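Visitor: In terms of full-length UniProt numbering, the sequence shown is residues 1 to 320.
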Amino acid sequence: MRVKTESELLTDLAINLPSPLEQISLPDSAAKGVEVWCKRDDLIHPIISGNKWRKLQQTLVSWYSSPPSHVISFGGPYSNHLHALAFCCAQLGIAFTAVVRGKYLQHQVLSPTLQDICHWQGQLHFVNKTDYQRRTDPAYIDELKNYLQADLCIPEGGSQSAALQGVAEIHKEVSYQQPELMFDLALLPVASGASLAGLVNKHQATSINTFVGVAVLKGKSYLEELVGQFLGQEQHTRWHIEHEYHHGGYAKTSADLLAFCEHYNANNSLQIEPVYSGKCFWAANDMIKTGKIRPGSRVLLLHTGGLQGNRAHKRINVSK
Ligand SMILES: Cc1ncc(COP(=O)(O)O)c(C=O)c1O
1 MRVKTESELL TDLAINLPSP LEQISLPDSA AKGVEVWCKR DDLIHPIISG NKWRKLQQTL
61 VSWYSSPPSH VISFGGPYSN HLHALAFCCA QLGIAFTAVV RGKYLQHQVL SPTLQDICHW
121 QGQLHFVNKT DYQRRTDPAY IDELKNYLQA DLCIPEGGSQ SAALQGVAEI HKEVSYQQPE
181 LMFDLALLPV ASGASLAGLV NKHQATSINT FVGVAVLKGK SYLEELVGQF LGQEQHTRWH
241 IEHEYHHGGY AKTSADLLAF CEHYNANNSL QIEPVYSGKC FWAANDMIKT GKIRPGSRVL
301 LLHTGGLQGN RAHKRINVSK
């Protein structure tokens with residue numbers, strides 16, 4: 001059988017690359033004289049959007065020469081990663097089981113995310129909190145693979161070293177799309193740290209001076225450690241994480257953040273949600289307002305997608 005190429009994969013999955021790079025405004029950017037651009041990775045694909053595509057790209061390409069037969073991966077009931085991976089597996093004819101955090105959920109109405117996974121013939125395997133905490137333990141992963149008869153496990157969030165190279169592609173696209181522009185800083189949301197590590201990767205020629213992760217969960221030093229582990233020997237000084245913008249923790253929100261997202265969405269075609277992009281956009285605006293980002297700066301916001309997690313009971317339709 002002829003092995004398909006990467007460009008055939010992009011065509012087969014209808015991936016839209018390079019993602020657009022657009023100048024946008026935030027509520028306080030014009031008054032403070034800060035130029036804001038957004039890398040619209042949310043437009044890469046209606047389902048495999050944002051950092052989901054970036055983190056899975058290398059893995060999906062490798063599946064064209066040696067496809068697994070049954071893949072498992074971990075996530076919560078609204079996981080963007082499980083959603084994207086289930087869709088990819090369905091498109092590529094690979095069996096998929098989502099290992100879902102929350103045994104109690106099996107007796108409840110499924111979230112729209114899990115409903116979609118079932119619609120794409122993915123299986124759901126619910127586990128309790130204690131078991132879920134063992135998701136990186138090789139013995140537990142082997143146990144699950146044996147039990148579910150799977151031959152490959154992808155870590156939660158698609159966050160593995162293979163993910164970094166896909167994220168780093170963003171630099172090439174930005175330099176190609178706006179060769180004249182230098183960005184003082186780039187901001188992106190951080191949960192597992194793989195996307196920030198991929199962007200920081202020091203081998204990439206980049207037009208970005210400093211990389212700022214916006215913690216979407218309470219994780220002072222823990223998140224820095226995760227990014228450091230991904231970077232390994234590639235340590236790099238031009239990055240840090242802002243810890244003041246998680247609004248109470250992972251998937252937690254505040255009335256102010258909700259109002260910010262609603263107001264933003266009502267006035268822009270670009271949409272944000274309160275778990276990832278909303279916290280990142282809020283952080284950028286606050287840093288501009290308070291002078292942490294200096295007047296005259298040029299800022300790049302990475303829209304990492306994830307709008308599906310914000311749905312009411314509605315299915316995303318994808319034309320093939
Ligand atoms: C939409 C979205 N943005 C950002 C992140 C955080 O990325 P990372 O886990 O690579 O730090 C995630 C989680 O993977 C996500 O789903």
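In this text, a Cβ means the ideal position worked out from N, Cα and C, and glycines have one as well.
All of these numbers come straight from a predicted model, not from anything done at the bench.
Please find out if some non-hydrogen atom of ligand 1 comes closer than 7 Å to the beta-carbon of Ala186.
Guide: Position 186 of the sequence shown, counting from 1, holds the residue named residue 186. With a cut-off of 7 Å, the C-beta of Ala186 is classified as distant from ligand 1, since no heavy atom of the ligand falls inside that distance.
Visitor: When you measure from the CB of residue 370 to every non-hydrogen atom of ligand 1, does any distance come out below 7 Å?
Guide: Absent from the model: residue 370. The displayed extent of the chain is 1 to 320, so no value can be given.
Visitor: Please report the Cβ distance between Gly309 and Glu273, rounded to the nearest whole angstrom; I am assuming they are in contact, meaning their Cβ atoms lie under 8 Å.
Guide: For the purposes of this step, residue 309 is taken as the residue at position 309 of the sequence shown. For the purposes of this step, residue 273 is taken as the residue at position 273 of the sequence shown. Rounded, the Cβ-Cβ distance is 6 Å, consistent with contact.
Visitor: Rounded to whole angstroms, what's the CA-CA distance from Arg135 to Glu156? Just pull it up for me.
Guide: Along the sequence shown, one-based indexing puts residue 135 at 135. Along the sequence shown, one-based indexing puts residue 156 at 156. Going by the C-alpha atoms only, they are around 8 Å apart.
Visitor: Quick check: the region 8 to 15 against the region 33 to 47, are there 3 or more CB pairs under 8 Å?
Guide: yes
Visitor: Please return the same chain residues whose Cβ sits closer than 8 Å to the Cβ of Gly166, not counting the five positions on each side in sequence.
Guide: In the sequence shown, the residue the question calls residue 166 occupies position 166. The residues are Trp53, Arg54, Lys55, Leu56, Gln57, Gln58 and Gly198.
Visitor: Can you check the region 129 to 168 for any beta strand (DSSP E) of at least 3 residues that lies completely inside it and give the ranges in chain order?
Guide: 152 to 154
Visitor: Let me know the secondary structure DSSP gives Leu270 once reduced to three states.
Guide: Looking up residue 270 in the sequence shown gives position 270. Looking at Leu270 - three-state DSSP - the assignment turns out to be coil, as it is neither helix nor strand.
Visitor: Quick one: residues in its chain with C-beta nearer than 6 Å to the C-beta of His303, no 5 flanking neighbours on either side, listed in chain order?
Guide: The residue labelled residue 303 in the question sits at position 303 within the sequence shown. Within the same chain, His303 has close Cβ partners Cys38, Arg40, Asp41, Asp42 and Ser277.
Visitor: With a 10 Å radius around its C-beta and 16 neighbouring C-beta atoms as the bar for buried, classify Lys320 as buried or exposed.
Guide: One-based indexing of the sequence shown puts residue 320 at position 320. Interpretation of Lys320 is limited by its pLDDT of 40, a score under 50 that renders its predicted location unreliable; the figure taken from the coordinates is listed afterwards. In this structure Lys320 is exposed. Its beta-carbon is surrounded by fewer than 16 other beta-carbon atoms within 10 angstroms.
Visitor: Pair every Cβ in the region 220 to 235 with every Cβ in the region 182 to 197, then say whether three or more of these pairs are closer than 8 Å.
Guide: yes
Visitor: Skipping 5 residues on each side, what residues in its chain have a beta carbon closer than 7 Å to that of His83?
Guide: To locate residue 83, count along the sequence shown from 1; it is residue 83. Excluding sequence neighbours, His83 sits near Ile47, Thr113, Asp116, Ile117 and Gln308.
Visitor: What does a CB cutoff of less than 8 Å around Ala90 pick up in its chain, not counting 5 residues either side in sequence?
Guide: Within the sequence shown, the letter at position 90 stands for residue 90. So the list reads Phe96, Trp120, Gln121 and Gly122, once near-sequence residues are dropped.
Visitor: Mind checking whether Ser49 and Tyr78 have CB atoms under 8 Å apart?
Guide: By 1-based counting over the sequence shown, the position of residue 49 is 49. By 1-based counting over the sequence shown, the position of residue 78 is 78. Going by C-beta atoms, Ser49 is not nearer than 8 Å to Tyr78.
Visitor: Would Glu6 be called buried (16 or more neighbouring beta carbons within 10 Å of its own) or exposed?
Guide: In the sequence shown, residue 6 corresponds to position 6, counting from 1. Flag for Glu6 reads exposed.
Visitor: Determine the DSSP secondary structure at Gln23, reduced to helix, strand or coil.
Guide: Reading the sequence shown from its first residue, position 23 is the one you call residue 23. Reduced to three states, the DSSP call for Gln23 is strand.
Visitor: Suppose the cutoff is 8 Å on Cβ atoms and the five residues either side in sequence are ignored; what does the same chain contact list for Gln178 look like?
Guide: Locating residue 178 in the sequence shown gives position 178, counting from the first residue. Within the same chain, Gln178 has close Cβ partners Leu21, Trp37 and Ser207.
Visitor: Would you call the CB atoms of Ala283 and Val200 closer than 8 Å?
Guide: Numbered from 1 along the sequence shown, position 283 holds the residue referred to as residue 283. Numbered from 1 along the sequence shown, position 200 holds the residue referred to as residue 200. No.
Visitor: Could you check whether the Cβ of Pro155 sits closer than 7 Å to any heavy atom belonging to ligand 1?
Guide: Indexing the sequence shown from 1 puts residue 155 at position 155. No, since every heavy atom of ligand 1 falls outside the 7 Å radius drawn around the Cβ of Pro155.
Visitor: Give me the DSSP bridge partner(s) of Pro189.
Guide: Numbered from its first residue, the sequence shown carries residue 189 at position 189. Val214, per the DSSP bridge assignment.
Visitor: Output the boundary residues of the beta strand (DSSP E) element that contains Arg101.
Guide: The residue you call residue 101 lines up with position 101 of the sequence shown. Counting along the chain, the beta strand (DSSP E) containing Arg101 begins and ends at Ala95 to Arg101.
Visitor: My parser needs the beta strand (DSSP E) runs of 3 or more residues fully inside the region 234 to 306; what are they?
Guide: 239 to 242 and 298 to 302
Visitor: Please report the residue range of the alpha helix (DSSP H) in which Ile72 lies.
Guide: Here residue 72 refers to the residue found at position 72 of the sequence shown. Not the alpha helix (DSSP H): Ile72 falls in the beta strand (DSSP E), residues His70 to Gly75.
Visitor: Mapping DSSP to helix, strand and coil, what is Ile48?
Guide: Here residue 48 refers to the residue found at position 48 of the sequence shown. Coil.
Visitor: When DSSP labels each residue in this structure, what does Lys4 get in the three-state scheme?
Guide: On the sequence shown, position 4 is the one that residue 4 refers to. Of the three classes helix, strand and coil, the one that applies to Lys4 here is coil, per DSSP.
Visitor: Report the CB separation of Gly76 from Pro295 in whole angstroms; it is logged as a contact under 8 Å.
Guide: Taking the first residue of the sequence shown as position 1, residue 76 is located at position 76. Taking the first residue of the sequence shown as position 1, residue 295 is located at position 295. The Cβ separation is near 40 Å, so there is no contact.
Visitor: Roughly how many angstroms lie between the CA atoms of Asp151 and Glu35, to the nearest whole one?
Guide: Start at 1 with the first residue of the sequence shown, and residue 151 comes out as number 151. Start at 1 with the first residue of the sequence shown, and residue 35 comes out as number 35. The alpha-carbon atoms of Asp151 and Glu35 are separated by roughly 48 Å.
Visitor: Beta-carbon within less than 7 Å of Val61's beta-carbon, same chain only, minus the 5 sequence neighbours each way: which residues are those?
Guide: What you label residue 61 is simply residue 61 of the sequence shown in a count that begins at 1. Glu6 and Leu9, listed in sequence order.
Visitor: Let me make sure I understand the geometry here. Which of Gln160, Gly232 and Val190 has the alpha-carbon closest to that of Lys218?
Guide: Counting from 1 along the sequence shown, the entry for residue 218 is found at position 218. Looking at the Cα atoms, Val190 is the closest of the given residues.
Visitor: Measure from the C-beta of Ala197 to each C-beta in chain B and report whether the shortest distance is under 8 Å.
Guide: The structure shown has no chain B; it contains just one protein chain.
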